[in-house]
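Trainee:
2 protein chains.
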Amino acid sequence: MISSNKFSSNDRLLMAAIDLIAEKGYNGVSTREIAAAAGLSEKTLFRNFGSKQNLLETAFERFHYGETMKNLFNEKLVWDLETDLLLISRTYHDIMNRNRKMIQISLKDGAKLPGFREKTSKHPQQLKEVLTNYFKAMSEKGKLIETNSEMQALSFIWMNYGAFMNNLDADTTFPTVSLEEFILESVKIFARALTP
Amino acid sequence: MISSNKFSSNDRLLMAAIDLIAEKGYNGVSTREIAAAAGLSEKTLFRNFGSKQNLLETAFERFHYGETMKNLFNEKLVWDLETDLLLISRTYHDIMNRNRKMIQISLKDGAKLPGFREKTSKHPQQLKEVLTNYFKAMSEKGKLIETNSEMQALSFIWMNYGAFMNNLDADTTFPTVSLEEFILESVKIFARALTP
DNA sequence: TATGACTGTCAGTACTTACTGACATCATAT
DNA sequence: ATATGATGTCAGTAAGTACTGACAGTCATA
């Protein structure tokens with residue numbers, strides 16, 4: 000049960016909803032279960048949120064981690080391919096892990112939840128733009144081979160997306176050792192492939 | 000509705016179940032809906048399959064394509080890195096696309112269905128082994144740099160997994176990009192990175 | 001002490017769902 | 001012509017669901 004003294008009733012309900020729906024799907028969990036997991040009565044749930052659907056939508060608004068990747072990059076890039084790709088990869092996995100449960104919900108019930116998919120795919124799209132532009136800029140500096148920047152960016156993103164997806168249901172809240180290994184090696188691969 | 004004259008009643012029920020459950024999830028679709036989509040009565044569904052759960056399990060046994068990658072590779076590899084990676088990539092996407100709906104079901108309701116995950120979403124251990132061994136053999140032939148073959152194989156697999164996952168749902172994150180384009184460019188990247 | 005915000009209990013509604021039994025229909029094969 | 005097998009109709013059960021209303025308890029603050 001979600002600890003009672005630290006959070007408000009509403010937050011406890013929202014967190015319980017996220018946890019359970021991410022695990023069992025929207026139709027796989029009842030409002031009674033959610034209320035019980037929050038240590039509250041079903042009545043309170045409906046009094047405060049009106050409907051199950053609204054509970055989930057509110058939960059998404061409240062807990063979706065929406066910080067943009069754009070700012071991070073513009074400030075921290077040092078224009079060394081391997082260093083920058085490492086930063087990008089780590090930042091990506093960090094954000095994806097924060098939104099892990101939202102992404103699980105989006106995968107299971109995205110069709111039922113208007114706007115869910117768009118928001119969970121916001122980061123990947125931003126990332127693609129940023130990374131494509133980064134590759135182009137590096138290319139102009141002569142630090143990168145000149146080819147298809149967009150497709151290279153996509154390949155890098157999808158590689159990391161695949162890695163993330165593979166660990167999605169492992170339920171490991173903290174980054175695993177193998178993920179770090181993967182990041183190091185995969186960045187090496189791309190750095191070697193794209194260096195002139 | 001699934002065409003009536005070409006398939007048996009049971010097959011029509013199984014196909015309807017796969018279609019609807021892949022779209023809406025196990026708990027999101029009723030037996031009445033499934034029967035209607037198959038052009039049959041709900042009674043027939045229960046007469047022939049006993050339960051909704053058994054219907055889905057039977058559907059999986061009937062329509063899940065087993066992994067035949069091992070054989071393909073051993074027969075067709077020509078020990079040219081780019082050529083072989085192209086074959087591997089195309090074979091992978093071919094098999095994944097065949098199992099597309101099973102994978103969707105596995106993602107949405109894998110927790111409820113024993114054995115489902117292992118057979119679909121979790122990457123064919125087979126492919127990883129085959130690719131790792133391929134990299135090692137290429138390395139011994141002097142056609143590949145000597146580094147971490149296992150991580151390189153994982154990176155390549157996850158890159159393709161990410162690409163596949165991105166196209167899984169009708170609502171694609173990067174709709175303008177064709178799969179074939181991606182395969183060509185991504186294989187080039189890896190070929191360049193791993194060539195001595 | 002009294003007020004108001006918040007929560008719980010309980011009984012209940014209207015609906016859906018998985019699943020069943022009794023009986024009828026219909027085509028095909030012998 | 002009749003037996004067989006697969007299917008449909010219909011009525012129904014037991015359980016679960018989201019959600020509500022009436023009423024009472026708790027607790028901090030005015």
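So the protein sequences, as listed, match chains H and P. Per numbering that gives the first Met the number 0, the first sequence runs over residues 0 to 195. Per numbering that gives the first Met the number 0, the second sequence runs over residues 0 to 195. Glycine included, each C-beta is placed from N, C-alpha and C at the ideal position. Computed from a predicted model, the values in this text were never measured in an experiment.
For my contact list, Met68/H and Leu126/H are in at a C-beta cut-off of 8 Å; report their separation, rounded to the angstrom.
Mentor: Translated into the one-based positions of the first sequence, residue 68/H becomes position 69. Translated into the one-based positions of the first sequence, residue 126/H becomes position 127. Yes, they are in contact, since the Cβ atoms of Met68/H and Leu126/H sit about 5 Å apart, within 8 Å.
Trainee: Exposed or buried, which one is Trp78/P when buried takes at least 16 other CB atoms within 10 Å?
Mentor: If you number the second sequence from 1, residue 78/P lands on position 79. Exposed, because fewer than 16 other Cβ atoms sit within 10 Å of the Cβ of Trp78/P.
Trainee: Here's a check: name, in chain order, each residue in its chain whose Cβ is nearer than 8 Å to the Cβ of Ile156/H, leaving out the five neighbours to either side.
Mentor: Taking the first residue of the first sequence as 1, we reach residue 156/H at position 157. Here the set comprises Tyr91, Pro123, Leu126, Lys127, Leu130.
Trainee: Taking the alpha-carbon of Ile182/P as reference, which of Ile182/H, Met158/H, Arg46/H, Ile144/H has the nearest alpha-carbon?
Mentor: Looking up residue 182/P in the second sequence gives position 183. It is Met158/H.
Trainee: List the residues of chain H that Asn147/P touches, going by C-beta distances under 7 Å, in chain order.
Mentor: In the second sequence, the residue the question calls residue 147/P occupies position 148. Per Cβ cutoff of 7 Å: Glu184.
Trainee: Which residues mark the beginning and the end of the alpha helix (DSSP H) in which Val129/H is found?
Mentor: In the first sequence, counting from the first residue as 1, residue 129/H sits at position 130. 121-139 is the span of the alpha helix (DSSP H), which, as asked, contains Val129/H.
Trainee: Which residues bound the alpha helix (DSSP H) around Ile94/P?
Mentor: Within the second sequence, numbered from 1, the residue matching residue 94/P stands at position 95. Counting along the chain, the alpha helix (DSSP H) containing Ile94/P begins and ends at 80-97.
Trainee: Could you check the C-alpha separation between Glu117/H and Glu56/H for me, to the nearest Å?
Mentor: One-based indexing of the first sequence puts residue 117/H at position 118. One-based indexing of the first sequence puts residue 56/H at position 57. Roughly 14 Å between the two C-alpha positions.
Trainee: Do three or more CB pairs link the segment 19-26 of chain H to the segment 100-118 of chain H at distances below 8 Å?
Mentor: With a cut-off of 8 Å, the segment 100-118 of chain H and the segment 19-26 of chain H count as touching, because enough Cβ pairs lie within range.
Trainee: Going along the chain, which residues of its own chain have a beta-carbon closer than 7 Å to the beta-carbon of Asn70/P, five neighbours each way excluded?
Mentor: Locating residue 70/P in the second sequence gives position 71, where the first residue counts as 1. Excluding residues within five positions, none has a Cβ falling inside 7 Å.
Trainee: Can you check which of these residues, Ser88/P, Phe59/P, Val28/P, is closest to Gly161/P by C-alpha distance?
Mentor: Here residue 161/P refers to the residue found at position 162 of the second sequence. The option with the nearest alpha carbon to Gly161/P is Ser88/P.
Trainee: For Tyr64/H, count the other beta carbons within 10 Å of its own beta carbon; 16 or more makes it buried, fewer makes it exposed. Which is it?
Mentor: Mapped onto the first sequence, residue 64/H falls at position 65. With fewer than 16 other Cβ atoms within 10 Å, it is exposed.
Trainee: Under 7 Å between C-beta atoms, does Tyr160/P make it to chain H?
Mentor: Translated into positions along the second sequence, residue 160/P becomes position 161. Yes, Tyr160/P counts as interfacial toward chain H.
Trainee: Does Arg89/H get closer than 7 Å to chain P when you measure Cβ to Cβ?
Mentor: In the first sequence, the residue the question calls residue 89/H occupies position 90. So, not an interface residue.
Trainee: Taking C-alpha atoms, which residue in Thr119/H, Lys111/H, Leu84/H, Thr82/H lies nearest to Met95/H?
Mentor: One-based indexing of the first sequence puts residue 95/H at position 96. Taking only the C-alpha atoms, the option nearest Met95/H is Thr119/H.
Trainee: Following the continuous alpha helix (DSSP H) through Lys23/P, name the residue where it begins and the one where it ends.
Mentor: The sequence position of residue 23/P within the second sequence is 24, counting from 1. Unbroken alpha helix (DSSP H) run through Lys23/P: 8-23.
Trainee: Name the chain P residues that come within less than 9 Å of Ala36/H, Cβ to Cβ?
Mentor: For the purposes of this step, residue 36/H is identified with residue 37 of the first sequence, where counting begins at 1. What Ala36/H touches in chain P: nothing, since even the nearest Cβ is about 16 Å away.
Trainee: Suppose the cutoff is 6 Å on Cβ atoms and the five residues either side in sequence are ignored; what does the same chain contact list for Ser148/H look like?
Mentor: By one-based count along the first sequence, residue 148/H stands at place 149. So the list reads Thr131, Phe134, Lys135, once near-sequence residues are dropped.
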